[in-house]
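Chains as they are written, first to last, in my numbering: chain A, 9 to 336; chain B, 9 to 336; chain C, 47 to 398; chain D, 47 to 398. Just so you know, even glycine gets a beta-carbon here, dropped at the ideal spot from N, CA and C. Written below as structure tokens is the structure these notes are about.
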Amino acid sequence: MMDKALSVRLLRDMLLIRKVEEGIAERYPQGKMRCPTHLSIGQEAAAVAVGAALETADLAISTHRAHAHYLAKGGRAPQMLAEIYGKVTGCCRGRGGSMHLTDRTAGFVGSTAIVGNSLPIGTGLALSLQLKKSRQIAAIFFGDGCTEEGAFYESANFAIVRNLPALFVCENNLYSVYSPLSVRQPAGREIYKMVQGLGMPSAIVDGNDIDAAYAAAMAAIEHVRSGKGPFFLELTTYRWREHCGPNFDNDIGYRTEEEFLAWKARDPVASYEARLQQQGVPTEELAALHTQLDAEVLAAFEFAETSPFPDQSEAFSDVYTDKEVSPS
Amino acid sequence: MMDKALSVRLLRDMLLIRKVEEGIAERYPQGKMRCPTHLSIGQEAAAVAVGAALETADLAISTHRAHAHYLAKGGRAPQMLAEIYGKVTGCCRGRGGSMHLTDRTAGFVGSTAIVGNSLPIGTGLALSLQLKKSRQIAAIFFGDGCTEEGAFYESANFAIVRNLPALFVCENNLYSVYSPLSVRQPAGREIYKMVQGLGMPSAIVDGNDIDAAYAAAMAAIEHVRSGKGPFFLELTTYRWREHCGPNFDNDIGYRTEEEFLAWKARDPVASYEARLQQQGVPTEELAALHTQLDAEVLAAFEFAETSPFPDQSEAFSDVYTDKEVSPS
Amino acid sequence: MSRQITFAKAINECLHQSMAEDPNVIVYGLGVTDPKSIFGTTAGLEARFGKERVFDMPTAENAMTGVAIGAAIEGIRPVMVHQRLDFFLLAMDQLVNGAAKWRYMFGGQDSVPITIRLIMGRGWGQGPTHSQNLQAWFAHIPGLKVVMPASAEDAKGLLAASIFDDDPVLFLEHRWLHNVHGDVPETLNRTPLGKARLVREGDAVTIVGMSYMTVEAIRAADFLSNLGIHCEVLDLRTIRPLDWDAVFASVSRTGRLLALDTGHATGSVAGEIVARVAMECWGKLKAAPQRIAMPDFPEGTSPALTKGYHPRAEHIVDAVARMLGRTIDASPLGAQRGYPHDVPGDWFNGPF
Amino acid sequence: MSRQITFAKAINECLHQSMAEDPNVIVYGLGVTDPKSIFGTTAGLEARFGKERVFDMPTAENAMTGVAIGAAIEGIRPVMVHQRLDFFLLAMDQLVNGAAKWRYMFGGQDSVPITIRLIMGRGWGQGPTHSQNLQAWFAHIPGLKVVMPASAEDAKGLLAASIFDDDPVLFLEHRWLHNVHGDVPETLNRTPLGKARLVREGDAVTIVGMSYMTVEAIRAADFLSNLGIHCEVLDLRTIRPLDWDAVFASVSRTGRLLALDTGHATGSVAGEIVARVAMECWGKLKAAPQRIAMPDFPEGTSPALTKGYHPRAEHIVDAVARMLGRTIDASPLGAQRGYPHDVPGDWFNGPF
Ligand SMILES: Cc1ncc(C[n+]2csc(CCOP(=O)(O)OP(=O)(O)O)c2C)c(N)n1
Ligand SMILES: Cc1ncc(C[n+]2csc(CCOP(=O)(O)OP(=O)(O)O)c2C)c(N)n1
Ligand SMILES: [Mg+2]
Ligand SMILES: [Mg+2]
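Structure, rendered in structure tokens:
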């Protein structure tokens, strides 16, 4: 067993994500969260492994599916939920919604909604850190589909050429929306090996096994932080629910119920909780953790639901930094 | 020695390119060829190896540096020169200039002036051939710099996924304008190996050795034509003159005179001519070839110089196929 | 024969019939073969026409546009689709340096008959990068054609014309139109590109609309009509080529122009229309020409931010009233709508 | 103190001084460190400021734009340069979905202080894809600033303002201006973005220019001045923000507008200016507003095709004459030019 405090922290972070997202799934049909929302349920270990291995001062950036990365990096749940509810207390004051999260206090710089779009930006974060001779690194979270964009290739190439402190974190969940890898990438491709071919060291790890993933993330981060340049970490995992929205959709035909069940049996959160229990973490401690997190999550939803909406005038500001500039 | 007729044909094609381009270099300072012009002098073998190995019905597409590819594929020299002179008899009626060449009778579809731009288009040509169940293939010529564009990566990926009959022909001449590989690509990268990592079979060959290059091209084309999918052929070579324009520029500081001289000593054309002579091709036959080509090239320049310019009204047509459509 | 079907169904039908008519028509794009089939518009195509002609693709918008160009040069008629216009920004090199210029640049010998379907989102949290209406960009580029249907019938007829047009066509589908019903002929007819549709006749003001703004224009015109104010509503259908003759003729009759746009005001197509009318119909104008377009701000995600953001029929009525120097209470128009401001109707419940 | 230097030299000087002033300023782009140093504009930077702050890059325009955004968010002020605007079409996703919207989209907390220098070619065989002037695109996007200097002095002052501006700025350099000389202050002053420059005062017609078209406007105005016709020439300097107050004020004085543009007419910035003036200055206009811009065709490569393609001072004189109902022979203007039509002057002998 790893250090117990660490293990409990990892479990806690995964549980927080799970509970927040189950909370979203439960409430989404109420129609109060009016924005496209991509849940990471089933993928929590990948996010937490990297998020926990990073330091708070490290920077991170992500994609449309960013809740888990934001929370794992230390982003505040109430502000995230308020954002999804479109409230002025949201991390973007309601301007961005679920796909645009930011918490600068936690080093979570942002997430964007265009596939591949945040990869060059994350690479630029790394460039700024290098220029400032900082020991911080920049972590760039993305999915398997992102690696099909030219932006990925160009970012990776530049990061290698300039030896940037960038950690590329690829969560391979086998699908891009409803499209399997087979219609998008060469048969038999192993993404992390392809990246080695580009000249970037890489590794692959079971993204549903938090201990293994955390160890891999620590090694990857150590590589990057020590000035050896960028590193690519692929984490295999699986999204349980539909691409966008709260439902299960194994019935609509793009994947099988069996495939889903096989992955669900490898629930990264429940399996880890069971492992910790086995390894001697007292049941009461775990129960207390649940109670505490449930309260925290409930309070976060409460915050989001009761926060005010932005004033309509907020639709018409902040396009330019200089307030004097007339936007038209 | 290869088949003699073939060898003489290869020499002839290289000599034609060399003579045409030396002719351009000589006349360029007169200011009558008023468009950016990128010469391939020093790189003829790479173009001819592939051009000669392709069938006329095969399609080809290229970049800003396209003269050699156009001629090697069988494009007509007079129409190319007329295009460079901006004449209405040019292959694009003067609209495109040196960077936009086309000769559909020779299967040379086009060349474009934006780095990487013609790669996806060539991939689309291959898609059309596959859809038509044709035995033709599409050859895509480009430089080492092009492989830095996301468009290259995306094209290669799609060509592999759909098993397209596309031959990717990369002339690695070490530079992109005045930029050496070191500021653009990871140290130690071997482009053809990187491409294998993407999942496309590839090979590398000395692009200044026409026999070796031709054999490699034949093997690559056989692979593609037989339905095994795309292939990537890297040819190492060197451009003698400045990136754009007629002059030598080893003095300006981005590369050394020694480097240039070492490559010049490996002149693909002169060395091949010497080899053929050694191998018994009669001196008179070679002399006759020169005489004939000189006359051909002179006639081509004559054609270009004496052809009329397009009427000014041609600036204002052909934006839409449908002549009824008002363009504004 | 015609019957009532939706805009989305009309597109689907057009694709089926076009593919049946011409074996060179192919359809591809992210999700065209998935269970959601691009809001139903590509349903059944793969099953009927096979995996060679109908296929999903890598997330690689730039190269896949070039692939369409290359195939088109060699006789294929690709129809590519993007679930949001915003994604297509990755492909501007291929579109503008390639497709738009190919024919001109190579001396007029090859055509590039591609059709690119772009869906434009609005409301319900689409937010800054899933809601852009950049038709002004495309309309600025010589060599491109830009189609913006407003009705189910036009969706079918204009898409057919686009697919069989020999030049690159951007076919812009407003997401708020996919469920609009209309009389659509069962046969595959090609509605000519470049001919506007006179939707309402009138003498008061010429209202020029496109895509979803035509729907709002009709609501406004019908409301005004009940008050005895008859506006002419012209649905542009295509914004390049744009039917200037129809615009000028109408303005010559009414003496007043109100140009609508689904895009940001500054640099909008509506602005171009105002400019041309000012330049060409100077002597005929009785009042300053006007336009109504989206604000010069991104669309926010929160419903609170879209509430006052999009101009609607009420604003059109207000503008017409101002141009005529009258006072009209347009508020009943807003009150009529029985669903939230951020959806096109009851049928839409997110997420895309 | 000021002295005569070229536009290109002014840019170089501005980069040197800006980098010296602020260690967060970095400069990169294809060729910035090569012997030609982007027409001399980046000369000496690498030697003086080092390889970390001044560097060449892979041919990867899209990602490299995102790199600038990321660095800018974290306090760097990147200056990126492209030898042709046309190459930058690869980066529209990063520009429009990223840079332009970042501040708005993330609730106003982070700024993106990037400056992107784009050079626009013309004539001497630049052809369809090395000659585009797409300022209308950029000016249509909320969140972007668009700068188009016309003089050496402004090249320096506006570039300084751009670099130290906290928002994304597109700095458009017309290739025909790089050798223009002007009085340029030695010190680094920031010329405010959004303030037009009154270049000639007059009462006949307001001529609004930008970038190279201001040069032609001045030629025309001076020619007309000799005939007793005094036009007001307004150099916009920046087209977003655009100094509407100055435009409206001038048109209010003259009652006549001639808007010039270096881009294609349809959907041009000049069109937007015509539209706004028609909407806002209706009562002040004495004649239909007019515009002169590039034709709605790509620029051909052959000198024969560019001969009648670009509007010049003669055409401005003709338009002014028409607006005033006079007949003026503008041909002396053409005859004055002692060099071919496809170059800006004797100094230019290709290829770029
Ligand atoms: C450029 C672009 N193309 C398409 C989309 C639509 N889209 C949104 S999410 C997504 C899937 C991306 O898959 P992946 O990167 O594997 O992430 P996952 O959803 O599996 O986490 C797609 C295609 C988009 N947002 N941007
Ligand atoms: C997108 C784009 N970026 C930059 C340029 C400028 N440019 C023209 S040719 C060239 C060099 C390309 O190098 P490579 O592909 O190796 O071809 P080579 O010139 O060596 O044959 C560059 C950068 C361009 N035309 N297009
Ligand atoms: Mg995925
Ligand atoms: Mg090269």
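Cβ of residue i within 8 angstroms of any chain D Cβ
| i | result |
| --- | --- |
| Q317 (chain B) | One detail in the question is off: residue 317 (chain B) reads as Phe in this sequence, not Gln. Closer than 8 angstroms: yes. |
| V320 (chain C) | yes |
| T131 (chain A) | yes |
| G182 (chain C) | Note that residue 182 (chain C) is Ala in the sequence shown here, rather than Gly. For A182 (chain C), the answer is yes, since a Cβ of chain D falls inside 8 angstroms of its Cβ. |
Beta-carbon contacts of residue i that lie in its chain and below 7 angstroms, excluding the five residues immediately before and after
| i | result |
| --- | --- |
| R265 (chain D) | A359, L379 |
| G83 (chain A) | L109, D111, A114, F116 |
| A263 (chain D) | I253, G255, V279, L306, I362 |
| N165 (chain A) | L206 |
| P238 (chain C) | A207 |
Min CB distance residue i to chain B below 8 angstroms
| i | result |
| --- | --- |
| H176 (chain D) | yes |
| N225 (chain D) | no |
| M194 (chain C) | no |
| D213 (chain C) | yes |
| G116 (chain C) | yes |
| L306 (chain D) | no |
| Q155 (chain C) | yes |
| D388 (chain D) | yes |
| K191 (chain D) | no |
Integer-rounded CB distance, given that residue j should sit under 8 angstroms from residue i
| i | j | result |
| --- | --- | --- |
| R192 (chain A) | G158 (chain A) | Actually they are not in contact, since the Cβ atoms of R192 (chain A) and G158 (chain A) sit about 14 angstroms apart, beyond 8 angstroms. |
| G86 (chain D) | F398 (chain D) | Not quite, the Cβ-Cβ distance comes to about 13 angstroms (not below 8 angstroms), so this is no contact. |
| R42 (chain A) | G94 (chain A) | 6 angstroms |
| S126 (chain A) | T45 (chain A) | With 8 angstroms as the limit, S126 (chain A) and T45 (chain A) do not qualify as a contact, their Cβ atoms being about 18 angstroms apart. |
| R103 (chain B) | L297 (chain B) | Between L297 (chain B) and R103 (chain B) the Cβ distance is about 34 angstroms, and since that is not below 8 angstroms, they are no contact. |
| D213 (chain D) | A242 (chain D) | About 19 angstroms separates the two Cβ atoms, so there is no contact after all. |
| K81 (chain B) | A65 (chain B) | Not really, about 11 angstroms apart at Cβ, beyond 8 angstroms. |
| G116 (chain D) | G130 (chain A) | 6 angstroms |
| A60 (chain A) | L18 (chain A) | 6 angstroms |
Cβ of residue i within 8 angstroms of any chain A Cβ
| i | result |
| --- | --- |
| N179 (chain C) | no |
| P349 (chain C) | yes |
| E120 (chain D) | yes |
Other residues of its chain near residue i: CB distance less than 6 angstroms, five sequence neighbours each side excluded
| i | result |
| --- | --- |
| V232 (chain A) | I145, P173, L175, F239 |
| T97 (chain A) | A90, S315 |
| I49 (chain A) | E29, W248, R249 |
CB contact check: residue i to chain C, cutoff 8 angstroms
| i | result |
| --- | --- |
| E156 (chain A) | yes |
| T312 (chain D) | yes |
| H361 (chain D) | no |
What residues in the stretch 123–149 of chain D bring their beta carbon closer than 7 angstroms to a beta carbon of chain C?
-> Contacts with chain C (Cβ-Cβ distance below 7 angstroms) from the stretch 123–149 of chain D involve D132, L135, L136, M138, D139, V142, N143, K147, listed in chain order.
Anything with a beta carbon under 6 angstroms from a heavy atom of ligand 6 counts; list them all in chain order.
-> With respect to ligand 6, the structure shown offers nothing to examine, as its ligands consist of ligand 1, ligand 2, ligand 3 and ligand 4.
What residues in the stretch 95–111 of chain D have a beta carbon less than 9 angstroms from any beta carbon of chain B?
-> Under the 9 angstroms Cβ criterion, the stretch 95–111 of chain D contributes F101, D102, M103, P104, T105, A106, E107, N108, A109.
Anything in the stretch 164–183 of chain B with a Cβ closer than 7 angstroms to a Cβ of chain A? List those residues in chain order, please.
-> Answer in chain order: N165, I168, V169.
What residues in the stretch 324–349 of chain D bring their beta carbon closer than 9 angstroms to a beta carbon of chain C?
-> Taking a C-beta cut-off of 9 angstroms against chain C, the contacting residues of the stretch 324–349 of chain D are A324, M325, E326, C327, W328, G329, L331, A333, A334, P335, Q336, R337, P341, D342, F343, P344, G346, T347, listed in chain order.
Please go through the stretch 64–122 of chain D and give each complete alpha helix (DSSP H) segment of 4 or more residues, from N-terminal end onward.
-> Runs of the alpha helix (DSSP H) spanning 4 or more residues and lying entirely within the stretch 64–122 of chain D occur at 91–95, 107–119, in chain order.
Unbroken alpha helix (DSSP H) runs of length 4 or more, entirely within the stretch 257–298 of chain C: which are they?
-> Secondary structure remark: continuous alpha helix (DSSP H) runs of at least 4 residues inside the stretch 257–298 of chain C, in chain order: 257–272.
Continuous beta strand (DSSP E) assignments of at least 3 residues falling wholly in the stretch 191–262 of chain A | Whole beta strand (DSSP E) segments, 3+ residues: 210–214, 239–244.
Check distances from the C-beta atoms of the stretch 99–120 of chain B to those of chain D and list, in chain order, the residues that come in under 9 angstroms.
-> Those residues of the stretch 99–120 of chain B that come within reach of chain D (Cβ to Cβ, closer than 9 angstroms) are C100, R101, G102, R103, G104, G105, S106, M107, H108, T120.
Considering only residues of the stretch 338–379 of chain D, which uninterrupted alpha helix (DSSP H) runs meet the minimum length of 4 residues and lie entirely inside it, listed in chain order?
-> With a minimum length of 4 residues, the continuous alpha helix (DSSP H) runs that stay inside the stretch 338–379 of chain D are 349–352, 359–370.
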